[in-house]
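Since the structure comes first, as structure tokens, the remarks are kept for the end.
Numbering (the numbering used here), first residue to last: 47 to 318.
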């Protein structure tokens with residue numbers, strides 16, 4: 047699934063999480079310390095330190111804007127998605143900087159551990175050791191045919207599906223199928239996007255608890271799927287008694303009505 051959706055703003059979400067601007071401000075201060083550490087302690091030259099900083103800033107922006115969270119709070123799904131999809135599509139760095147991403151991430155998390163009190167989760171080392179997957183996916187993405195839109199789109203879908211299978215094998219993938227014929231949209235309105243983000247977060251949190259209980263991934267996937275369907279159809283006070291499914295369907299119907307109204311107005315203009 048692409049992350050091409052309309053992100054809710056801080057004003058759209060009524061909770062006690064820090065705002066995006068607050069996360070970014072604290073993150074940029076951390077990046078200043080990161081660069082100083084790279085140059086003073088790691089003895090990295092200025093060019094390499096700035097490349098590491100660019101890559102770390104990409105992760106900071108991704109976490110703040112896509113997940114409204116700091117780097118230190120990221121989960122395994124978020125890091126894998128950033129590493130193997132988001133950065134490859136969105137970074138737009140020079141070739142040398144993008145090639146440096148795997149080692150940049152290693153140094154960033156070492157800095158967080160050594161200087162910021164970060165407690166590395168057990169899965170982190172495994173993800174950071176998958177540099178070959180990053181390079182393979184980066185090459186495959188760059189090899190997609192830009193001259194033929196239909197061929198490019200088919201290749202892109204296969205490229206996305208490969209990562210979805212990779213995540214699903216680890217019980218990290220929130221199902222597309224919401225039940226009763228409803229699927230998450232390729233492009234979401236902010237309410238649907240917010241619900242998708244919440245469902246993904248709850249899925250990851252419950253997965254961590256089940257792993258701690260010693261359950262295997264297959265059992266975890268089945269139980270998570272059941273929890274997800276219950277969540278999708280549970281009326282919630284904060285949704286004025288509606289279910290997540292109700293809100294998604296309502297937002298989509300409103301979008302269709304708005305589009306039809308805009309089309310009618312355009313027809314009137316043309317008739318005039």
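Every residue, glycine too, gets a C-beta built ideally from N, C-alpha and C.
Note that the coordinates shown come from a computational prediction; the quantities given were computed from them, not determined experimentally.
{"Item": "Residues that residue 223 bridges to, as DSSP identifies them", "Value": "229"}
{"Item": "Alpha-carbon spacing of residue 116 relative to residue 146, whole angstroms", "Value": "22 Å"}
{"Item": "Proximal residues to residue 256 (C-beta, below 8 Å), its chain only, five neighbours per side dropped", "Value": "265, 266, 269, 270"}
{"Item": "The segment 218-232 in contact with the segment 99-114 per 3-pair CB rule at 8 Å", "Value": "no"}
{"Item": "Given residue 73 as reference, the closest of 251, 163, 301, 106 once Cα atoms are compared", "Value": "106"}
{"Item": "Assigned exposure category for residue 276 - 16 Cβ within 10 Å defines buried", "Value": "exposed"}
{"Item": "Residue 54 - DSSP class collapsed to helix/strand/coil", "Value": "Only weak support is given to the placement of residue 54: the predicted model assigns it a pLDDT of 41, under 50, and the question is left unresolved by the model."}
{"Item": "Counted within 10 angstroms of its Cβ, other Cβ atoms place residue 77 as buried (16 or more) or exposed", "Value": "buried"}
{"Item": "Residue nearest to residue 258 in terms of C-alpha spacing, selected from 237, 198, 169, 187", "Value": "169"}
{"Item": "DSSP three-state assignment for residue 88, whether helix, strand or coil", "Value": "coil"}
{"Item": "Three-state class that DSSP yields for residue 283 in the structure shown", "Value": "helix"}
{"Item": "CB contact flag (residue 274, residue 221, <8 Å)", "Value": "yes"}
{"Item": "Classification of residue 199 by the beta-carbon crowding that lies within 10 angstroms, buried from 16 upward", "Value": "exposed"}
{"Item": "Buried versus exposed, by CB contacts within 10 Å (16 or more), residue 150", "Value": "buried"}
{"Item": "Rounded separation between residue 235 and residue 128 - CA only", "Value": "21 Å"}
{"Item": "Chain-order list of residues whose beta-carbon lies under 7 Å from that of residue 177 (same chain, five-residue window excluded)", "Value": "148"}
{"Item": "The segment 117-136 contacting the segment 80-89, beta-carbon criterion three pairs below 8 Å", "Value": "no"}
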